[in-house]
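Worksheet: the structure to be examined is printed underneath.
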Amino acid sequence: MTKVSMTVNGKAASGEAEGRTLLSSFLREELGFTGTHVGCDTSQCGACVVHVNGVAVKSCTMLAVEAEGAEVATIEGQAAPDGTLNTIQQAFQDHHGLQCGFCTPGMVMSTAALLKENPKPSEQEIREYLEGNICRCTGYHNIVKAIMAASGQDVSAIAAE
Amino acid sequence: MYEFDLVKPATLTEAVAALGEEDAQALGGGQTLIPTLKQRLASPSKLVLLSGIAEMQGISVEAGVVSIGGATPHGVVAAEVAQSYPALAALAGNIGDPAVRNRGTIGGSLANNDPAACYPAAALASGATIVTNARQIAADDYFDGLFTTALEEGEIVTQVRLPVPEVANYQKFVQPASRFALVGVFVAKFADGVRVAVTGASEDGVFRWSEAEAALSGNFSAEALDGLSVEAEGMMADIHGSKAYRAHLIAVLTKRAVAAAV
Amino acid sequence: MPKDSGIGASPKRREDVRFLTGTGNYTDDINLNGQAYVHFLRSDMAHGRITSIDTTAAAAMPGVVRIFTGADFEGVGGIPCGWQITDKHGEVMQEPAHPVLAQGKARYVGDAIAAVVADTAEQARDAAEAIELDMEELPAVIDMKAAVQEGATKVHDDLTSNLCYDWSLPEDNKPAVEEAFANAAHVTTLELVNNRLIANPMEPRVAVGDFNRATGDSTLYTTSQNPHVIRLLMGAFVLGIPEHKLRVIAPDVGGGFGTKIFHYAEEAFCTFAAKALNRAVKWTSTRSEAFISDAHGRDHVSTIQLALDADNNFTALRTDTYANMGAYLSTFAPSVPTWLHGTLMAGNYKTPAIYVNVKAVFTNTVPVDAYRGAGRPEATYQLERVIDKAARELGVDPVALRRQNFITEFPYATPVAVEYDTGDYNATMDKLEEIADFAGFAARRSASEARGKVRGLGVNCYIEACGIAPSNLVGQLGARAGLYESATVRVNATGGLVVMTGSHSHGQGHETSFPQVIAEMIGIDESMVEVVHGDTANTPMGMGTYGSRSLAVGGSAMVRATEKIIAKAKKIAAHLMEAAEADVELKDGAFSVAGTDKSVAWGDVTLAAYVPHNYPLEDIEPGLEETAFYDPANFTYPSGAYACEVELDPETGKVSIERFAAADDFGNVVNPMIVEGQVHGGIGQGIGQALLEGAVYNEDGQLLSASYMDYAMPRADDLPFYQVDHSCQTPCTHNPLGVKGCGEAGAIGSPPSVVNAVVDALQSMGKDVTHVDMPLSPARVWQAMQG
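Residue numbers (our numbering), protein chains in the order written: chain E, 1 to 161; chain W, 1 to 262; chain P, 1 to 787.
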């Protein structure tokens, strides 16, 4: 076991990890950030997406030790301190972009990364960007719609709700 | 995963020394190795992290050659060679998914040489030079079948030098589940000829389709490929496609690559 | 003007806030003090005799608490099956024992042989690898038709064969059906496979067993759609724990789609081991493990024949199906190809004579059970494909052929044992033609052609039986459980309400939609109503959520309980207003006396119920809490018409979905936003089945599609925006809300239209292709084009 320290959602956090401890396990089990989910073991589903030093990564495919000293952002840090949802979170709620909620943390974190590099993505760009985030509930319709809305695009022409 | 020790060398020399130990293995971005470790299909005693080695980072372009540090993630390649080598940027920007592209590295991909990976096609078609801590290896001598390369035990891909073609294009037909290449064809036209590299298809891993190269070197147009086909024998077959289907796709994708490059 | 509250409104989901902020509470988020972890050693052989298991070395590994094998479960009950089918000869089905850990033989790749409990999950896995297991490999039985051949290797030595049952519906119809075929002007025959699927809810299964030595109580936290069912099956049949000593909690559950209905061995193991070790025991499935331990779905091989007269009226239908059960009978497996499949074979059509035969077969594969739609997608697929094929053979418009044969008068008793209460199939087809823009198809086809692509249009109808169902009927059909639902409505002194329901929400949004109903009934704000579900300790016995039943059955129970609340509240209000009870009206959250200005607020009445100073104590008890159990009089019959437009790349065989439209009749709708979301999700899974997904075994019984690397899950770029509509509403006649259920429709209704569209595209390019089996992967479509 070694001590691993990082900043999670702006606050210092540290805990014990083995060499083989994944960042996702470290966040969930050692630090208690259970909002990051693990839905597969082949690095495809994206429920575990967090940001490390400002870029989206699959926390199930990174060792905790590799994040030593890093700035980590998780779903728990996305809303304002008073609980107000951020624009992306609010759009997901407004447009019913989630059902069971399990893939949602990864969807929100991937969306944040997308909008950072492409503030007004087209439908096709959104769909392609979500290649690494699998949702089994929504058929993606309302997720794509929510992301378009979160980026300030008019979604009223997309099938009504 | 089995338990292992981790070392984070700051220099190539330290990394090479660490890899000299029994059952030590290099960890690039980990996007293939970590899932492999999770399935307990590998059991290194020590993992040597390459991500902290400054000399393996970064991209430079000079004299018509793009040089990419072995530890450079796909996402960085996609962004930084967009002007200098657009076909390579497009390829890098379509490996895995965005989060995978932020971790996975060109050196890791070439060292692993997955038969369905994209980078081997780019390296082979570009006539790249694979630079390691010990030597320089021409791409034509580097790839050696499925998951096998000319690398020696403990040898690290520190840089990849890719001559920039006059025009080039990569066509990837994805396997619907993994989104790896079911077949991928990279066509690169140089002043002295055309190189065509095919990934995803052959039982022997990435290969050059020499008949197509000959035809295209004389006449760089999709029509030049009319009537050319690849033997189904020797292609891979699985639940996603037969040998014949893969062979068929090679011809289709090569034409499309040429058409897109012209 | 859409409503902004109550029935018919689309308030934002209240459960979303916790899911969007990472504060949900899924089973894997639960960690108990001092918990140990279990790793299951699973068979890597499809069929093998266990010759020896030596755990000595493994038991000495670091952190190991104890290793369990089949021997530890001798005398412990097996995993029960909840449905017994009686076959066409009047014999009951063959039902093998299903031990918690394999006894003597492993029967599929993934069958659990031993369980290692250790201090950490990795230690448990490390030690599992040190178990010395010797197995003698036996021939694997994978192909269903081969499995029922004379002399085939038996999956279960103590059964007479691999045939679980040979069932028909109705056997008496057989002569009439044969006569109709003999007299038919045209017969269309189609052989098809309904591909084996894996449900893949994004949350893998998790179980945490706990035991309190002081009280002797066991608790199981589990990823279940129906915690009471798990409590009953596991307590009564496996572990012998009376229900009052066993609590089952299914907290936030990350999707179910059927595969989390069933009682699994891992749940029983964790509960058993927690007691044996006096220590909490946790199991978290990896996705790789899920592929070989979650019940699979579908996997039917069918031959269907449709007989038509000279005027193209359907005169008879017969179908022959082999249905894979896998190696053991999962909880509701026997009901899926029979009562959830055969009874739907009439579809939306007035075919007078129908005969259905189903042979259920044991194979050395993962058990197969209900997956979203369960039996109904298989029925719909056969029927809607054979109709499409008939239309092409006859050279008639597939839509016109369907319309000509629609059932138009209700109630309608089908020849296959069910009675549809309401429906209007022409109305949904009319709506479909509008939203799918059939009129514009020709222009779109030309535009595709100009791009070198081939466009196809496919249409189908569907009907499903939901809201499963009357207990007395399902009892006759072999169910070993009732299928009512329950609700307790507790009104607090200050007027707020809590609904404790046996339904379980794992994505369906009950926490939002159930309060809409109560708020409408009482005339109060939805925020005054809270929903509690998922814990057997604080909800009444209920049967849980599957078969699109929550609102139709669970919601009806809630309505009945609320009606009792209102009746009692009116008594109290009458007393407070010194009026006759019969004159008291409840409107907008206030009680008034007709023709007077007397009025008391809802809150005054609820306060009086708990502070009964001025209260008719001689007539009624204090308090305001009521429970209702609702057992429906019939299934509900949602229906609809779906259309898919595909574009086919003639060079590669790749199919892309360009447009998808769904016109559904769900009866009344409580929350349109949620209903549409359910349809979207169902369509996504249906397109997944049609184009992408397939669980494939090789002849040795190895699962080739054992991870997301080979099992193609639909991604965002595989799917389009969908046009959905539910404005055609023929309310259910026998439940108080007039609702029919919407959870499965999309998955039932979409695969045939996709395949019909691809066949349309292939024929339009002159290919003589009448059928391609799902999934229509590029390779398969290309292969079909070569033939």
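Beta carbons are placed, not taken as given, at the ideal position from N, Cα and C, and that holds for glycine.
In the DSSP assignment, what residue or residues form a beta bridge with P:Trp782?
Walking along the third sequence from the start, residue 782 of chain P turns up at place 782. In the DSSP output, where bridge partners are listed per residue, P:Trp782 has none listed.
Residue range of the beta strand (DSSP E) that P:Glu645 falls in?
Here the question's residue 645 of chain P lines up with position 645 in the third sequence. Start and end: 639–648.
Would you say P:Gln225 and P:Gly544 are within 8 Å of each other, going by their C-beta atoms?
Taking the first residue of the third sequence as position 1, residue 225 of chain P is located at position 225. Taking the first residue of the third sequence as position 1, residue 544 of chain P is located at position 544. Taking 8 Å as the Cβ cut-off, P:Gln225 and P:Gly544 qualify as a contacting pair.
Look at the alpha carbon of W:Leu216 and the alpha carbon of P:Trp782, and state the distance between them as a whole number of angstroms.
For this step, residue 216 of chain W is matched to residue 216 along the second sequence. For this step, residue 782 of chain P is matched to residue 782 along the third sequence. Between W:Leu216 and P:Trp782, the C-alpha separation is close to 27 Å.
If P:Gly694 and P:Arg196 are in contact, beta carbons under 8 Å, what's the gap, nearest whole angstrom?
The residue labelled residue 694 of chain P in the question sits at position 694 within the third sequence. The residue labelled residue 196 of chain P in the question sits at position 196 within the third sequence. With 8 Å as the limit, P:Gly694 and P:Arg196 qualify as a contact, their Cβ atoms being about 7 Å apart.
For P:Gln786, is the classification buried or exposed, using 16 other Cβ atoms within 10 angstroms of its Cβ as the cut-off for buried?
Taking the third sequence and counting its residues from 1, one reaches residue 786 of chain P at position 786. With fewer than 16 other Cβ atoms within 10 Å, it is exposed.
Consider the Cβ of P:Ala450: report whether some Cβ of chain W lies at a distance smaller than 8 Å.
The residue given as residue 450 of chain P occupies position 450 in the third sequence. For P:Ala450, the answer is no, since every Cβ of chain W falls outside 8 Å of its Cβ.
By how many angstroms is the C-alpha of E:Met62 removed from the C-alpha of W:Thr72?
As a position in the second sequence, residue 72 of chain W is number 72, starting the count at 1. As a position in the first sequence, residue 62 of chain E is number 62, starting the count at 1. Put simply, the backbone Cα of W:Thr72 is about 16 Å away from that of E:Met62.
Could you give the residue range of the beta strand (DSSP E) that holds P:His832?
The shown model of chain P, from 1 to 787, leaves out residue 832 of chain P, and the question about it has no answer.
Please confirm whether E:Glu131 and P:Asp717 have their CB atoms less than 8 Å apart.
For the purposes of this step, residue 131 of chain E is taken as the residue at position 131 of the first sequence. For the purposes of this step, residue 717 of chain P is taken as the residue at position 717 of the third sequence. Yes; because the gap between Cβ atoms is below 8 Å, this pair is in contact.
Exposure label - W:Leu41; buried when at least 16 CB within 10 Å
Against the second sequence, residue 41 of chain W aligns to sequence position 41. Counting Cβ neighbours within 10 Å, W:Leu41 comes out exposed, since fewer than 16 surround it.
In chain order, what residues of the same chain have a beta carbon less than 6 Å from the beta carbon of W:Ala116, not counting five sequence neighbours either side?
In the second sequence, residue 116 of chain W corresponds to position 116, counting from 1. Shown here for W:Ala116: same chain residues with a beta carbon closer than 6 Å to its own, the five before and five after excluded, namely Phe180, Ala181, Gly200 in chain order.
Cβ-based neighbour list, E:Glu161, same chain, cut-off 6 Å, excluding 5 preceding and 5 following
Mapped onto the first sequence, residue 161 of chain E falls at position 161. The predicted model places E:Glu161 with a pLDDT of 41, which falls under 50 and marks its position as unreliable; any figure quoted below should be read in that light. Closer than 6 Å at the Cβ level, and outside the excluded window around E:Glu161, lies no residue.
If you measure from the beta carbon of P:Arg287 to each beta carbon in chain E, is any gap under 8 Å?
To locate residue 287 of chain P, count along the third sequence from 1; it is residue 287. By this cut-off, P:Arg287 is an interface position.
Can you pull out the residues from the segment 57–87 of chain W whose beta carbon lies closer than 7 Å to at least one beta carbon of chain E?
Listed in sequence order: no entries.
Please state whether DSSP places P:Trp283 in a helix, a strand or coil.
Counting from one through the third sequence, the residue named residue 283 of chain P turns up at place 283. P:Trp283 falls in the strand class under three-state DSSP.
Can you confirm whether P:Lys431, when its beta carbon is compared against all beta carbons of chain E, has any partner nearer than 8 Å?
Counted from its first residue, the third sequence places residue 431 of chain P at position 431. False, the Cβ-Cβ gap to chain E never drops below 8 Å.
Counting only Cβ-Cβ distances shorter than 7 Å, please list the residues of the segment 45–66 of chain E near chain P, keeping chain order.
Within the segment 45–66 of chain E, those residues whose Cβ lies closer than 7 Å to any Cβ of chain P are, in chain order, Cys45, Ala47.
For E:Arg162, three-class secondary structure by DSSP:
This structure cannot speak to residue 162 of chain E, because chain E is shown only from 1 to 161.
Given that P:His680 touches chain E, what residues does it touch there, using C-beta distances under 7 Å?
As a first step, residue 680 of chain P is located in the third sequence; it is residue number 680 there, counting from the start. Against chain E, a Cβ distance below 7 Å from P:His680 picks out Thr138, Gly139, His141, Asn142.
Compare the Cα-Cα distances from P:His47 to each of P:Gly342, P:Gly110, P:Glu137, P:Ala59 and report the closest residue.
For the purposes of this step, residue 47 of chain P is taken as residue 47 along the third sequence, with counting starting at 1. Of the candidates P:Gly342, P:Gly110, P:Glu137, P:Ala59, the one whose C-alpha sits nearest the C-alpha of P:His47 is P:Glu137.
What number of angstroms, rounded off, separates the C-alpha of P:Leu317 from the C-alpha of E:Cys48?
If you number the third sequence from 1, residue 317 of chain P lands on position 317. If you number the first sequence from 1, residue 48 of chain E lands on position 48. Rounded to whole angstroms, the separation of the alpha carbons of E:Cys48 and P:Leu317 is 49 Å.
Contact check, W:Gly70 vs W:Val7 under 8 Å by CB: the rounded distance?
Taking the second sequence and counting its residues from 1, the one referred to as residue 70 of chain W is at position 70. Taking the second sequence and counting its residues from 1, the one referred to as residue 7 of chain W is at position 7. Actually they are not in contact, since the Cβ atoms of W:Gly70 and W:Val7 sit about 17 Å apart, beyond 8 Å.
DSSP on W:Glu153, reduced to helix/strand/coil?
For the purposes of this step, residue 153 of chain W is taken as residue 153 along the second sequence, with counting starting at 1. Coil at W:Glu153, not helix or strand.
For P:Asp143, the nearest candidate out of P:Cys742, P:Glu434, P:Leu576, P:Phe362 (CA to CA):
As a position in the third sequence, residue 143 of chain P is number 143, starting the count at 1. Restricting attention to P:Cys742, P:Glu434, P:Leu576, P:Phe362, the CA atom closest to the CA of P:Asp143 is found in P:Phe362.
With a threshold of 16 other CB atoms inside 10 Å of the CB of P:His89, please say whether the residue is buried or exposed.
Looking up residue 89 of chain P in the third sequence gives position 89. So P:His89 ends up on the exposed side.
In this structure, does DSSP put P:Ile687 in helix, strand or coil?
One-based indexing of the third sequence puts residue 687 of chain P at position 687. P:Ile687 carries a helical assignment under DSSP once its states are collapsed to helix, strand and coil.
Residues of chain C with a CB under 7 Å from the CB of P:Leu692: which are they?
No chain C appears in the structure shown, which is made up of the protein chains E, W and P.
Mind checking if W:Glu3 is an interface residue toward chain E, Cβ cutoff 8 Å exclusive?
Residue 3 of chain W sits at position 3 when you count from the first residue of the second sequence. Chain E contact via Cβ: present.
With a Cβ-Cβ cutoff of 8 Å, do P:Val366 and P:Ile292 count as a contact?
As a first step, residue 366 of chain P must be located in the third sequence, where it is residue number 366. As a first step, residue 292 of chain P must be located in the third sequence, where it is residue number 292. Yes; because the gap between Cβ atoms is below 8 Å, this pair is in contact.
Return the residue from the list P:Gly110, P:Ala128, P:Ser52 that minimises the CA-CA distance to P:Gly104.
Taking the third sequence and counting its residues from 1, the one referred to as residue 104 of chain P is at position 104. When only C-alpha atoms are compared, the closest one is P:Ser52.
If you run the structure through DSSP and keep just helix, strand and coil, what is P:Ser486?
Taking the third sequence and counting its residues from 1, one reaches residue 486 of chain P at position 486. For P:Ser486, the three-state secondary structure derived from DSSP is strand.
Once DSSP output is grouped into helix, strand and coil, what is the label at P:Cys270?
On the third sequence, position 270 is the one that residue 270 of chain P refers to. Residue state, collapsed to three classes: helix.
Taking W:Gln31 and W:Gly104 to be in contact with their CB atoms under 8 Å, please state how far apart those CB atoms are, rounded to whole angstroms.
Working through the second sequence from its first residue, we reach residue 31 of chain W at position 31. Working through the second sequence from its first residue, we reach residue 104 of chain W at position 104. Approximately 4 Å separates the beta-carbon atoms of W:Gln31 and W:Gly104; this is inside 8 Å, confirming the contact.
Tell me which residues share the same chain as P:Glu267 and place their Cβ nearer than 7 Å to its Cβ, disregarding the 5 neighbours each side in the sequence.
Taking the first residue of the third sequence as 1, we reach residue 267 of chain P at position 267. Around P:Glu267, the same chain offers Ala207, Leu220, Thr222, Ile230, Met234 as residues with beta carbons nearer than 7 Å, after the five sequence neighbours per side are excluded.
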